[in-house]
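Trainee:
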Amino acid sequence: MTLAAFALRLLSPAAPPEAPETWRQFRRTCLETLAPVLLVAAMIGSIATLMGHHAFLSLGTQAMIGSYAGLVALRELAPLLTGAMIAAKPGTALTAAIATMRASEQVAALEVMGVDPFRHLLGPRVLALVLAAPPLLVFADVAAILASYVTAVGALGVASSTYMADLTRFTGVRDLLCGMLKVVVFGGLAGLISAYQGYRAAGGPRGVSLAITRGMVRTTLAIVVANYLLSEAFYR
Amino acid sequence: MIRTERLTKSFDRGAPVIADVSTRIERGMTTVILGPSGTGKSVFAKLCIGLLRPDSGAVFLNDVELSALSERELYKVREKVGMCFQDGALFDSLSVGENVAFPIRRHLALPETEIRRIVREKLDRVGLPDAAPLMPAELSGGMRKRVGIARAIALDPELVIFDEPTSGLDPVMADAIDQLILEMRGGGRTFLVISHDLESTVRIADRVGMLHEGRMLAMGHRREILASREPVIRQFFSRLDKATR
Numbered sequence: 002m003t004l005a006a007f008a009l010r011l012l013s014p015a016a017p018p019e020a021p022e023t024w025r026q027f028r029r030t031c032l033e034t035l036a037p038v039l040l041v042a043a044m045i046g047s048i049a050t051l052m053g054h055h056a057f058l059s060l061g062t063q064a065m066i067g068s069y070a071g072l073v074a075l076r077e078l079a080p081l082l083t084g085a086m087i088a089a090k091p092g093t094a095l096t097a098a099i100a101t102m103r104a105s106e107q108v109a110a111l112e113v114m115g116v117d118p119f120r121h122l123l124g125p126r127v128l129a130l131v132l133a134a135p136p137l138l139v140f141a142d143v144a145a146i147l148a149s150y151v152t153a154v155g156a157l158g159v160a161s162s163t164y165m166a167d168l169t170r171f172t173g174v175r176d177l178l179c180g181m182l183k184v185v186v187f188g189g190l191a192g193l194i195s196a197y198q199g200y201r202a203a204g205g206p207r208g209v210s211l212a213i214t215r216g217m218v219r220t221t222l223a224i225v226v227a228n229y230l231l232s233e234a235f236y237r
Numbered sequence: 004m005i006r007t008e009r010l011t012k013s014f015d016r017g018a019p020v021i022a023d024v025s026t027r028i029e030r031g032m033t034t035v036i037l038g039p040s041g042t043g044k045s046v047f048a049k050l051c052i053g054l055l056r057p058d059s060g061a062v063f064l065n066d067v068e069l070s071a072l073s074e075r076e077l078y079k080v081r082e083k084v085g086m087c088f089q090d091g092a093l094f095d096s097l098s099v100g101e102n103v104a105f106p107i108r109r110h111l112a113l114p115e116t117e118i119r120r121i122v123r124e125k126l127d128r129v130g131l132p133d134a135a136p137l138m139p140a141e142l143s144g145g146m147r148k149r150v151g152i153a154r155a156i157a158l159d160p161e162l163v164i165f166d167e168p169t170s171g172l173d174p175v176m177a178d179a180i181d182q183l184i185l186e187m188r189g190g191g192r193t194f195l196v197i198s199h200d201l202e203s204t205v206r207i208a209d210r211v212g213m214l215h216e217g218r219m220l221a222m223g224h225r226r227e228i229l230a231s232r233e234p235v236i237r238q239f240f241s242r243l244d245k246a247t248r
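Those sequence lines, one after another, are chains B and E. To get this note's numbering, take the position in the first sequence, counting from 1, and add 1. To get this note's numbering, take the position in the second sequence, counting from 1, and add 3.
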């Protein structure tokens with residue numbers, strides 16, 4: 002089955018994902034991914050502020066650190082890192098689970114029992130990744146901006162009022178919405194590619210590990226390329 | 004019950020795993036498909052219930068041609084089929100009880116007390132009355148197979164397929180599985196057993212089909228096959244002769 006045929010079957014309105022299983026997977030994805038998303042977003046927000054501060058200092062425009070950190074975090078880093086974390090944690094878990102279920106004939110067992118694995122197994126897990134992406138991004142945005150603020154104000158001596166004024170002057174709702182759209186696309190790509198690699202896994206434990214590696218690499222590449230294309234479209 | 008006509012299946016454009024197989028699985032009987040490992044027995048079983056689509060030829064289950072059905076229609080047809088997979092194929096995230104209850108919850112709108120009663124009854128039937136709260140990871144190979152059988156018969160299907168039910172089991176457990184299959188016979192239920200266990204075949208089969216290199220060399224009553232002069236069949240059964248001599 003090709004990726005296109007897999008995606009078409011996944012999106013078929015005749016077999017919508019089962020709601021209870023989707024909700025269970027959504028909660029699980031949010032809870033399991035929140036901590037790494039918060040940590041990575043905070044670290045990157047802080048590092049971006051430190052790096053930016055040095056560059057702005059040489060130009061004498063260090064007061065603009067708020068807008069710089071806000072734009073970089075909301076437009077690029079938070080969506081990209083949230084997408085990467087979704088690919089890395091629930092994405093690889095999805096590939097591993099489906100590949101293992103294929104290898105141990107659990108997927109075939111579902112089919113024998115008259116249960117559509119796309120409706121019961123794959124659809125809910127892929128949809129959960131898409132649905133979990135926006136709330137995770139909200140947390141990532143907050144963590145990145147908060148860490149940037151603490152770094153700028155606490156460590157670099159930028160005045161709090163200056164930071165906040167600059168941040169709110171150059172960033173807006175559009176940045177939040179564009180980031181949201183990006184991360185929904187990233188969640189969809191992570192879900193689709195991870196599920197596909199798991200579904201086509203063959204050959205026992207080696208096939209499972211190969212599927213996880215392939216899923217992770219291809220999802221990361223797809224997210225980076227999609228991020229570039231979306232940034233071009235939104236901010237050119 | 005099942006009729007195949009010139010059934011052929013290959014993978015990745017390789018040599019056919021199943022080649023031109025035309026045969027019948029009779030209703031109400033236990034048919035064992037015998038053959039060496041890698042000869043296409045499991046593929047044949049999966050073709051019989053539409054888990055795999057043939058490259059050419061046709062499969063009729065209760066006179067319905069499976070290759071003409073959509074996936075959704077196939078799910079409906081398979082509600083009358085139970086299958087016990089080689090390693091049980093139990094859902095790792097569900098307890099034994101939930102595994103057995105799974106097909107019941109999916110297809111029957113029954114109260115929880117009734118579902119629990121059926122689960123208890125099926126687990127009793129396979130000799131595991133206290134296994135319901137256990138997780139699949141806590142089970143031995145033989146127990147996994149028995150839970151797989153309990154799940155396969157949960158909806159009292161017309162057709163039950165056993166894929167290598169005794170492989171990898173010690174003789175005592177293999178006997179217990181054979182006994183279980185014998186006890187479950189009757190009531191018009193059809194069993195299709197995929198096996199390379201000769202002793203088990205002699206014990207449980209009404210009819211035997213011999214699959215060799217993707218071709219059905221013979222299909223008939225157990226006595227006819229045991230008496231066959233076909234060299235490949237004779238060679239296959241010579242191990243049994245030596246063992247029983």
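We put the CB at the ideal spot given by N, CA and C, even for glycine. What you are looking at is a predicted structure, and each value in this text was computed from that prediction instead of being measured.
1. If you run the structure through DSSP and keep just helix, strand and coil, what is residue 30 of chain E?
2. Going by DSSP, name the residue or residues bridged to residue 166 of chain E.
3. My output table needs one value for residue 63 of chain E: the three-state DSSP class, helix, strand or coil.
4. Quick check: the region 93-104 of chain B against the region 48-67 of chain B, are there 3 or more CB pairs under 8 Å?
5. Report the neighbours of residue 35 of chain E on chain B: residues whose CB is nearer than 7 Å to its CB, in chain order.
6. Along the chain, where does the beta strand (DSSP E) that runs through residue 168 of chain B open and close?
7. Just grab the DSSP bridge partners of residue 211 of chain E for me.
8. According to a CB-to-CB cut-off of less than 8 Å, which residues of the region 83-103 of chain E neighbour chain B?
9. Quick one: Cα of residue 80 of chain B to Cα of residue 27 of chain B, how far?
10. Starting from residue 8 of chain E, follow the beta strand (DSSP E) in both directions and report where the run begins and ends.
11. Shorter than 7 Å, the distance from the beta carbon of residue 234 of chain E to the closest heavy atom of the ligand SAM, or not?
12. Helix or strand or just coil, what does DSSP make of residue 85 of chain E?
13. Can you check which of these residues, E:152, E:194, E:135 and E:133, is closest to residue 161 of chain E by C-alpha distance?
14. One question on the structure: do residue 225 of chain E and residue 231 of chain E come within less than 8 Å of each other, judged by their Cβ atoms?
15. Is the beta carbon of residue 48 of chain E closer than 8 Å to that of residue 8 of chain E?
16. Quick one: residues in its chain with C-beta nearer than 8 Å to the C-beta of residue 129 of chain E, no 5 flanking neighbours on either side, listed in chain order?
17. Kindly list, in the order they appear in chain B, the residues whose Cβ is closer than 7 Å to that of residue 106 of chain E.
18. Please say whether residue 18 of chain B and residue 125 of chain B have beta carbons closer to each other than 8 Å?
19. Using three-state DSSP, classify residue 129 of chain E as helix, strand or coil.
20. Would you call residue 166 of chain E buried or exposed, if buried means 16 or more other Cβ atoms sit within 10 Å of its Cβ?
21. Just to confirm, is the Cβ distance from residue 163 of chain B to residue 20 of chain B under 8 Å?
22. Since residue 117 of chain B meets chain E, which of its residues come closer than 9 Å, beta carbon to beta carbon?
23. Please list the terminal residues of the continuous alpha helix (DSSP H) segment that includes residue 54 of chain B.
24. Is there a Cβ of chain E sitting closer than 8 Å to that of residue 198 of chain B, yes or no?
25. Once the 5 residues before and after residue 248 of chain E are set aside, which same chain residues still bring their CB inside 8 Å of it?
26. So with Cβ pairs under 8 Å, would you call residue 152 of chain E a contact of chain D?
27. Near residue 194 of chain B, what residues of its chain come up, given a Cβ to Cβ distance below 7 Å and the 5 sequence neighbours on each side ignored?
28. Just checking, does the region 203-210 of chain E make contact with the region 171-191 of chain E on the three C-beta pairs under 8 Å criterion?
29. Residues of the region 170-181 of chain E in Cβ contact with chain B at a cutoff of 9 Å, in chain order, please.
30. Who are the neighbours of residue 110 of chain E on chain B, taking C-beta pairs under 7 Å?
31. Whole angstroms are fine: how far does the CA of residue 107 of chain B sit from the CA of residue 96 of chain E?
32. For a contact defined as C-beta to C-beta under 8 Å, what are the partners of residue 54 of chain E on chain B?
33. Restricting to Cα atoms, I'd like to know which of B:78, B:45 and B:192 is closest to residue 232 of chain B.
Mentor: Concretely, from the data shown:
1. coil
2. Answer is E:197, bridged to residue 166 of chain E.
3. strand
4. no
5. Chain B residues near residue 35 of chain E: none, gap ~19 Å exceeds 7 Å.
6. Run containing residue 168 of chain B: none in the beta strand (DSSP E); it sits in the alpha helix (DSSP H), 161-171.
7. E:35 and E:223
8. 84, 85, 86, 88, 89, 90, 92, 93, 94 and 95
9. 18 Å
10. 5-12
11. Of ligands this structure carries none, so the ligand SAM is not represented either.
12. strand
13. When C-alpha distances from residue 161 of chain E are compared across E:152, E:194, E:135 and E:133, the shortest belongs to E:194.
14. no
15. no
16. 149, 150, 152, 153 and 183
17. Neighbours of residue 106 of chain E on chain B, chain order: 114.
18. Closer than 8 Å, so yes.
19. Taken through DSSP and simplified to helix, strand or coil, residue 129 of chain E comes out as coil.
20. buried
21. no
22. By Cβ distance, chain E contributes 74, 75 and 78.
23. 20-60
24. no
25. Note that residue 248 of chain E has pLDDT 47, beneath the 50 cutoff, so the model's placement of it is unreliable and no number is given.
26. Protein chains in the displayed structure are B and E, and chain D is not among them.
27. 216, 219, 220 and 223
28. Put simply, the region 203-210 of chain E touches the region 171-191 of chain E. At least three CB pairs are less than 8 Å apart.
29. Residues of the region 170-181 of chain E with a C-beta atom less than 9 Å from some C-beta of chain B do not occur.
30. What residue 110 of chain E touches in chain B: 115.
31. 11 Å
32. 109, 112 and 113
33. B:78
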